[in-house]
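Below is one structure, written out as structure tokens; the observations come after it.
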Amino acid sequence: MKIVCIGGGPAGLYFALLMKKLGAHHDITVVERNKPYDTFGWGVVFSDQTMDHMRHWDAETAQEVQQAFKHWDDIELHFKGRVIRSGGHGFVGIGRKKMLNILQARCEVLGVKLLFEQDATSDLDFPDADLVIASDGVNSNVRNRCPDIFKPDIVTRPNRFIWLGTHKQYDAFTFLFEKTEHGWFQAHIYKFDGLTSTFIVECPEEVWLAHGLDQADQAESIAFCEKVFAGNLKGERLMTNARHLRGSAWLNFQRVKCEKWSHFNGKSHVVLMGDAVHTAHFAIGSGTKLALEDAIELVRQFKETGDKVAHIPQVLEQYQALRAIDVIRLQNAAWNAMEWFEVCGKRYCDQLAPEQFMYSMLTRSQRISHENLRLRDKQWLEGYERWFAGQAQAVPPMFTPYSLRGITLKNRVVVSPMAQYKCTDGRVGDYHLMHLGARAMGGASLVFAEMTCVSPEARITPGCPGLWNDEQTSGWARIVSWVHQETDAKMALQIGHAGPKGSTCAPWQGDGADQALPEANWPLLSASAQPYLQHGQVPRAMTRGDMDHVKDDFIQATHRANQAGFDWLELHCAHGYLLSSFISPLTNQRQDDYGGSLENRLRYPLEVFAAVRAAWPDHLPMSVRISAHDWVEGGITPMDATEVARAFKAAGADMIDCSSGQVSAQQKPIYGRMYQTPFADRIRQEVGIATLAVGAISEADHVNSIIAAGRADLCAVARPHLANPAWTMTEAARIGYTALQWPSPYASGQPQLEATFARERSLQSAGRGD
Ligand SMILES: Cc1cc2nc3c(=O)[nH]c(=O)nc-3n(C[C@H](O)[C@H](O)[C@H](O)COP(=O)(O)OP(=O)(O)OC[C@H]3O[C@@H](n4cnc5c(N)ncnc54)[C@H](O)[C@@H]3O)c2cc1C
Ligand SMILES: Cc1cc2nc3c(=O)[nH]c(=O)nc-3n(C[C@H](O)[C@H](O)[C@H](O)COP(=O)(O)O)c2cc1C
Numbered sequence: 001m002k003i004v005c006i007g008g009g010p011a012g013l014y015f016a017l018l019m020k021k022l023g024a025h026h027d028i029t030v031v032e033r034n035k036p037y038d039t040f041g042w043g044v045v046f047s048d049q050t051m052d053h054m055r056h057w058d059a060e061t062a063q064e065v066q067q068a069f070k071h072w073d074d075i076e077l078h079f080k081g082r083v084i085r086s087g088g089h090g091f092v093g094i095g096r097k098k099m100l101n102i103l104q105a106r107c108e109v110l111g112v113k114l115l116f117e118q119d120a121t122s123d124l125d126f127p128d129a130d131l132v133i134a135s136d137g138v139n140s141n142v143r144n145r146c147p148d149i150f151k152p153d154i155v156t157r158p159n160r161f162i163w164l165g166t167h168k169q170y171d172a173f174t175f176l177f178e179k180t181e182h183g184w185f186q187a188h189i190y191k192f193d194g195l196t197s198t199f200i201v202e203c204p205e206e207v208w209l210a211h212g213l214d215q216a217d218q219a220e221s222i223a224f225c226e227k228v229f230a231g232n233l234k235g236e237r238l239m240t241n242a243r244h245l246r247g248s249a250w251l252n253f254q255r256v257k258c259e260k261w262s263h264f265n266g267k268s269h270v271v272l273m274g275d276a277v278h279t280a281h282f283a284i285g286s287g288t289k290l291a292l293e294d295a296i297e298l299v300r301q302f303k304e305t306g307d308k309v310a311h312i313p314q315v316l317e318q319y320q321a322l323r324a325i326d327v328i329r330l331q332n333a334a335w336n337a338m339e340w341f342e343v344c345g346k347r348y349c350d351q352l353a354p355e356q357f358m359y360s361m362l363t364r365s366q367r368i369s370h371e372n373l374r375l376r377d378k379q380w381l382e383g384y385e386r387w388f389a390g391q392a393q394a395v396p397p398m399f400t401p402y403s404l405r406g407i408t409l410k411n412r413v414v415v416s417p418m419a420q421y422k423c424t425d426g427r428v429g430d431y432h433l434m435h436l437g438a439r440a441m442g443g444a445s446l447v448f449a450e451m452t453c454v455s456p457e458a459r460i461t462p463g464c465p466g467l468w469n470d471e472q473t474s475g476w477a478r479i480v481s482w483v484h485q486e487t488d489a490k491m492a493l494q495i496g497h498a499g500p501k502g503s504t505c506a507p508w509q510g511d512g513a514d515q516a517l518p519e520a521n522w523p524l525l526s527a528s529a530q531p532y533l534q535h536g537q538v539p540r541a542m543t544r545g546d547m548d549h550v551k552d553d554f555i556q557a558t559h560r561a562n563q564a565g566f567d568w569l570e571l572h573c574a575h576g577y578l579l580s581s582f583i584s585p586l587t588n589q590r591q592d593d594y595g596g597s598l599e600n601r602l603r604y605p606l607e608v609f610a611a612v613r614a615a616w617p618d619h620l621p622m623s624v625r626i627s628a629h630d631w632v633e634g635g636i637t638p639m640d641a642t643e644v645a646r647a648f649k650a651a652g653a654d655m656i657d658c659s660s661g662q663v664s665a666q667q668k669p670i671y672g673r674m675y676q677t678p679f680a681d682r683i684r685q686e687v688g689i690a691t692l693a694v695g696a697i698s699e700a701d702h703v704n705s706i707i708a709a710g711r712a713d714l715c716a717v718a719r720p721h722l723a724n725p726a727w728t729m730t731e732a733a734r735i736g737y738t739a740l741q742w743p744s745p746y747a748s749g750q751p752q753l754e755a756t757f758a759r760e761r762s763l764q765s766a767g768r769g770d
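Numbering (this note's numbering), first residue to last: 1 to 770.
What follows is the structure, given as structure tokens:
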């Protein structure tokens, strides 16, 4: 085969040498526009796993690379005058120049032709090549020439960064944060040879502009960075080696991904590789790893399928199918890490104490969890747990108490409200005593009853509970008093009005959720006369008279909730129900004072909140559940949600329960573990109000990470509590936390379960070899 690699970066060179090894008869040329041994950039880091792959595929290269490596374990944070260090993170770093020199030399030994100082204008420059590898980096000409084929999706991120170096010695992956009069700057620093460290400086665009850095040349930019980080540099200089970049050397990161990775240009097969097809932000430092692993996978496919010209189409198809999965996984993690650094100035630097800031930074990608940090550096984590708990004993953050107004919860786990549709005429009975009682005995600190409706017309289904008469009130009082008598859990009630989503069947009765009742429907109310489902019942747009009437229903239900003895009240303003229908622009088309701007749309929900808050005892907390993202273009965004939260905070809400969606049937949510937690985090930091995180929180490890990083104050767990009422007790045993008090009659089950999990943990650690 005749192969041309356009671009002699890690991807092109490594593919060329591995392919030549696979078959010495292949005619392989690497075309590189730079001079030999001439490159930009400082050091790159990658993981031990990539090294293992390299060892397997070409031991000679791996050995050379290994000899040039600097290995280090620690991460050190310099923040607000404090230095915090934790270990066990395991990085290896190498100079980019050194790495390319090794690859170039190895290519020459194997007989790969290297053509330097040749600028390829396109893949069509090489019509006699069977295969063209477009390894021409992030600004790939080959990719840009055929956007309709490769369908690149390129996002330019808002932060500015400059890639510098220094001879100051750093013995850990070091992060510096410095505040200037216009905002925060951060430096990411890692050593890559005996003398030099990479020193990347990053800041938001507005901070960069405010300092006039758009007008600064490279020398001025360096002088500026030296001044910002003078306290740490202590006279050491910063250096650039990107003199080939004209004008400002400050860049914006571009996240690249492509729908298609290869095509036939009429003469040759063309395939994208490395940064040309995908990029990973330096916050996760894996661009070189991805480039090398692309090269390995393509060669592996040739090895397994055959390395004749006829095999190329199949090989290229399999290459994309396999690599795309790994790439997406890494890009997702890199995205979280990148966003953390983009918003940290505004969201975390001013809000969090250095200890918690360190924890938040270490878990920024949401891939490193609490228990993972314990494996890396047990001592540091236990120190953090002591700091978080404010006591001499290390306690997992999930099991620290939490107080709001006059209520103290024993831990941070909440049973999320879950509709059961098992009432008759809104009355709760033995079913609910069983259901809620079992969960109250299961270790959670706060048990939410399902959405409870303020009038018969406020119900979602005929099976929903209500709180509009004495019989219903005493039904609830029986449950609450049983829970108070037999357990140390608190009871919360969520009050709501179904609005446009009322008068439907239980999910298992109709043809899916939210289907209208076949008969005996009741009339619906909403912000606007717009049905939730296309063929659903059309609600009536509320008049001012309706608003007064419904507000009064909420007030009466609040008095009854207090009579029933509930400890906590939540106003349901989420999921497309009545109050939510006012908040979202998708469901509120009103032309009066209750529609239009967000301020207007919030007017009625805030009026109800204020009335309910006034009716609810002062010493008891009130939360508000919102949909923090409609997941529909033109709907509520997480940014709007911070404004919604700010308004409820001003009205006296104690906590925002951050759910999302169910406002529009057109929603396209992106699910994943803890997928709504970023909304809770943002609201907590930017609005300064306590938050309740919910959604795909299914392990103690999730709860610990969320609470420890300060992303929320409490975690609500719904579906896992359907499978296991004693979810909290089970998770405590699973992570080896034995101080949780089980209900006395259940006590003999505790050591038994703890022993089972202890055995499992020791088998796992034996398997890992620790
Ligand atoms: C600030 C910063 C920090 C980074 N830190 C890390 C890190 O710590 N760890 C890590 O793994 N990765 C890091 N990266 C990413 C890493 O540099 C890239 O992901 C990696 O180099 C990609 O390899 P590549 O071969 O695909 O592309 P490149 O390394 O960009 O190579 C492309 C080559 O193609 C050549 N070329 C381009 N067009 C033509 C043409 N028309 N004709 C001929 N030649 C051409 C270029 O000169 C270049 O040599 C960082 C990137 C940046 C910007
Ligand atoms: C069966 C069921 C019923 C639910 N009923 C309610 C409800 O009454 N009120 C509410 O706000 N959310 C309700 N939800 C949403 C949950 O409280 C929770 O937000 C959601 O299930 C995500 O959490 P999870 O991933 O832990 O299940 C319900 C969820 C389920 C599974």
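Glycine included, each C-beta is placed from N, C-alpha and C at the ideal position.
Contact annotation, HIS629 with SER660: C-beta distance approximately 4 Å; criterion of less than 8 Å satisfied.
Here the alpha carbons of GLU731 and ASN252 stand approximately 43 Å from one another. By the neighbour-count criterion, in which a residue is buried when 16 or more other Cβ atoms sit within 10 angstroms of its Cβ, THR452 is buried. Scanning the segment 68-136 for uninterrupted beta strand (DSSP E) segments of 3 residues or longer gives 70-72, 75-79, 82-86, 91-95, 113-115 and 131-134, listed from N- to C-terminal end. Across the structure, PHE229 and GLY235 are spaced so that their CA atoms are roughly 10 Å apart. Remark: C-beta atoms of LYS179 and PHE185 approach each other more closely than 9 Å. Taken atom to atom, the span from the alpha-carbon of LEU606 to that of ALA647 is near 8 Å. No heavy atom of ligand 1 is found nearer than 8 Å to the CB of SER528.
Ranked by Cα distance from ALA700, the first of VAL717, LYS501 and VAL687 is VAL717. In this structure, DSSP gives LEU292 a helical state, which the three-state scheme calls helix. Taking the Cβ of LYS97 as the reference point, every heavy atom of ligand 1 lies at 8 Å or farther away.
Under the three-state reduction of DSSP, ARG364 is assigned to coil, being neither helix nor strand.
For LEU467 and PRO417, the gap between their C-alpha atoms comes out near 16 Å. Shown here, GLY183 sits in a strand according to DSSP, grouped into three states.
Around ASP153, the same chain offers LYS257 as residues with beta carbons nearer than 6 Å, after the five sequence neighbours per side are excluded.
Straight across, the Cα-Cα distance linking ARG82 with GLY383 is about 15 Å. Shortest Cα-Cα distance from ALA187 to any of LEU238, TYR671 and VAL138 involves LEU238. The Cβ-Cβ distance between THR677 and ALA693 falls below 9 Å. For GLY43, the enclosing beta strand (DSSP E) covers residues 43-46. Listed as beta-bridge partners of CYS146 by DSSP are no residues whatsoever. When Cβ pairs closer than 8 Å are counted between the two stretches, the segment 395-402 is seen not to touch the segment 613-620, the count staying below three.
Within the same chain, Cβ atoms closer than 8 Å to the Cβ of GLN104 are found at GLY8, LEU13, PRO36, TYR37 and LEU114, the five residues on either side in sequence being excluded.
Between the alpha carbons of VAL44 and LYS98 lies a gap of roughly 10 Å. Taking C-beta atoms as the reference points, MET1 and ILE312 count as a pair closer than 9 Å.
Shortest Cα-Cα distance from THR166 to any of SER268, THR198, PHE566 and ARG157 involves THR198.
Around the beta carbon of ARG160, a 10 Å sphere encloses 16 or more other beta carbons of the protein chains shown; the residue is thus reported as buried. If you keep only unbroken beta strand (DSSP E) runs of at least 3 residues inside the segment 145-229, you get 152-166, 173-180, 183-191 and 197-204.
Three or more beta-carbon pairs separated by less than 8 Å are not found between the segment 496-509 and the segment 558-565, which leaves the two stretches without contact. Less than 9 Å separates the beta-carbon of GLY502 from that of LEU524. The DSSP assignment places 690-694 and 714-717 as complete runs of the beta strand (DSSP E) inside the segment 665-729, in order along the chain (cut-off: 3 residues). THR461 sits buried, since 16 or more C-beta atoms from the chains shown fall within 10 Å of its C-beta. In terms of side-chain proximity, the C-beta atom of VAL694 is found nearer than 8 Å to a non-hydrogen atom of ligand 2. The beta-carbon distance between ALA574 and ARG625, rounded to whole angstroms, is 4 Å. This is short enough to meet the 8 Å contact definition. For ASP593 and GLU686, the gap between their C-alpha atoms comes out near 28 Å. Counting only the Cα atoms, GLU355 lies some 51 Å from ASP470. Scanning the segment 384-460 for uninterrupted beta strand (DSSP E) segments of 3 residues or longer gives 402-404, 407-409, 413-415 and 446-453, listed from N- to C-terminal end.
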